[in-house]
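Residue numbers (my numbering): 3 to 185. Cβ atoms here follow ideal geometry from the backbone N, Cα and C, with glycine treated the same way. So the structure is just underneath, and the comments pick up after that.
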Amino acid sequence: HEPEESLILDLYKELEEEFGNVRLILAPRHPQRARAISSLITAKSYHPVMLSGLYKPQLEEKDILLIDSVGKLLYFYAICDICFVGGSLADCGGHNILEPIYFLKPTIFGPSMGNFRDIESTVREKSGGIKVSNPQDLKTQIVLLIKHPAYRDSFKRKSNEVFASNRNSVEKNLQIILEAISQ
């Protein structure tokens, strides 16, 4: 969400200068914003590559992949190393952090998670994600995840714990419903 893209691009520039070999994939909540975000990417001296127009198998150094279609995000959660789930630094209520956690990825989110309070609570209880309060805190956490592979890998176990604690929840809810309607 706006203004997160600009904040992320500035952060990406800093990370690129510090680490060199980092790649950024942006997935706007509303794909129709892709053109505006593409212009923002260009203004920050990068080259936007729209997923819908991607014909080459490898991105170049200044390329930023922009997912401009619906239904593709899970594929990118599966291959990424670190996820930031937006709508949470901007005051938009956040988005579903369980999706990247399902793929055992270190998942970072901001303070605005009002749309997903229960999920946030479960994730934080199991230490399955990282809540940050601002862009600088986001950078600090990403740097830690890059520099410390053991820390990054610890999220595989923690992510499993998030889902393990809620296994059988469908069955439990169905049992409650069946008991209620049989009375």
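Cα-Cα separation, tyrosine 79 to glutamate 19: 24 Å
Lysine 133, DSSP secondary structure in three states: strand
Exposure of histidine 3, with buried meaning 16 or more beta-carbon neighbours within 10 Å: buried
Sequence-distant residues of the same chain with beta carbon closer than 6 Å to glycine 116, five excluded per side: Once the five neighbours on either side are set aside, the close Cβ partners of glycine 116 are Gly95.
For leucine 28: DSSP bridge partner residues: Leu68
Nearest to serine 54 (by Cα), restricted to the options Ser40, Phe165, Lys64: Ser40
Phenylalanine 111, DSSP secondary structure in three states: strand
Meets three-Cβ-pair contact criterion under 8 Å: the segment 101 to 109 and the segment 62 to 71: Under the Cβ criterion (8 Å, minimum of three pairs), the segment 101 to 109 does not count as touching the segment 62 to 71.
Rounded straight-line distance, which links the Cα of leucine 26 to that of arginine 35: 17 Å
Own chain residues within Cβ distance below 8 Å of leucine 42, not counting five before or after: Glu7, Ser8, Leu11
Helix, strand or coil at proline 102 according to DSSP, with G and I counted as helix: helix
Alpha helix (DSSP H) segment containing phenylalanine 165, residue limits: 151 to 166
Neighbourhood of aspartate 83 by C-beta distance below 6 Å, restricted to the same chain and skipping five residues each side: none
Test item: CB-CB of isoleucine 81 and phenylalanine 111 under 9 Å: no
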